[in-house]
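*Asks:*
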Amino acid sequence: MSRAILEGSEEISLFDSDIFKKIDFSNYSNKFDPPISVADPGPGLKIRALQSGDDERGFLSLLKQLTTVGDISREKFVDAFESMRSKNGTYYVIVIEDTTKEEIIGCATLLIEQKFIRNCAKKGCVEDVVVNSSYRGKQLGKLIVITLNLLAKELGCYKVSLNCTDKMVKFYEGVGYTKEEGNGNFLVIRL
């Protein structure tokens, strides 16, 4: 683990946020009222890659609004961050930062899975989508999911999947996800 990262004197991104400049958002510009986009998510807001200091900007507290997180030390966060970063092209954790408060108020993960099927294609999986409860209703969840969908397309994925609770199905259908006939089962074994 890098001492500079652990101490916070060096800040690095999980991936290069310049990839957002390659995303063609033109087909979605009319889907938001009022208009927002990756480049302009709203006043004082910025979409970017997760950074090594985001645990100190409320990233883990935000995730607690979604699920159980646990007590994660700075060292444990940096270890997990560096592990994800070392798997270049696999983990794309994006965040929405309220730059006026230096607080992470939204996030989601795109996990890229390399396959042997479909001529060694890539498949995306969207996970851990959450927007801070005080920022909901501003289309930010929709924006972050559409951004990940377009990022997956830019990265060459042939499809993107996700799992969600029953109450979130309508939301995800609203951003293009469908239940595939004969393939709508989700099974899990908790270890």
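Residue 153 in the UniProt record's numbering sits at position 153 of the sequence shown, and the numbers go up by one each step. Each residue gets a CB set at the ideal place from its N, CA and C atoms; glycine is no exception. None of these values were measured; they are calculated from a predicted model.
(1) I need the boundaries of the beta strand (DSSP E) containing Asp128, first residue and last residue.
(2) Does DSSP put Tyr158 in a helix, in a strand, or in coil?
(3) Near Asp54, what residues of its chain come up, given a Cβ to Cβ distance below 7 Å and the 5 sequence neighbours on each side ignored?
(4) Check for me: the beta strand (DSSP E) holding Val95 runs from which residue to which?
(5) Which stretch, first to last residue, makes up the alpha helix (DSSP H) that contains Lys170?
(6) Roughly how many angstroms separate the alpha carbons of Val145 and Ser133, rounded to a whole number?
(7) Going by CA-CA distance only, name the one from Asn185, Tyr158, Thr100 and Lys138 that's closest to Cys164.
(8) In three-state DSSP terms, what is Ile12?
(9) Around the Cβ of Cys157, are there at least 16 other Cβ atoms within 10 angstroms (buried) or fewer (exposed)?
(10) Alpha carbon to alpha carbon, how far is Ala152 from Asn119?
*Replies:* In short, the structure shows the following:
(1) Lys122 to Val131
(2) strand
(3) Val95 and Ile104
(4) Tyr91 to Asp98
(5) Val169 to Glu173
(6) 17 Å
(7) Asn185
(8) coil
(9) buried
(10) 17 Å
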